[in-house]
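Enquirer: Under numbering that gives the first Met the number 0, think of the first position of the sequence shown as 0, with each following residue one higher.
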Amino acid sequence: MTTQSLTVEQAIAQEANRVIASLSFSVPADRDMVESALESIKAIADVACPDALVTKDLSVRLVAIRNNIHVNQIKQAA
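#1: Could you tell me the distance, in whole angstroms, from the CA atom of V59 to the CA atom of A36?
#2: In the structure shown, what three-state DSSP assignment does D29 receive?
#3: Do three or more CB pairs link the stretch 48-55 to the stretch 17-28 at distances below 8 Å?
#4: Since V62 is in the alpha helix (DSSP H), which residue starts that stretch and which ends it?
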């Protein structure tokens, strides 16, 4: 799959997953920064694809980060 053939949902999921992965780096990203980045991505998703599963997944991941729970990647749209 090329970058040009990504759906909006797939592009959003990929960016969110990159941000989530930064929590597991050898020097992890700051949780507040990750939360802020995911909030920004969610704001875009809310407008670009409001009914997509990715927007719900982002909400769940944000709650998990706020509650200091391990955060899994977001399932990418097919």
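Heads up, the beta-carbon is just placed ideally off N, CA and C, and yes, glycines get one too.
Expert: A quick look at the data gives this:
#1: What you label residue 59 is simply residue 60 of the sequence shown in a count that begins at 1. What you label residue 36 is simply residue 37 of the sequence shown in a count that begins at 1. Roughly 14 Å between the two C-alpha positions.
#2: Against the sequence shown, residue 29 aligns to sequence position 30. Here D29 sits in coil by DSSP.
#3: In short, these stretches do not touch, since the Cβ pair count stays below three.
#4: Position 63 of the sequence shown, counting from 1, holds the residue named residue 62. Segment 52-65, the alpha helix (DSSP H) holding V62.
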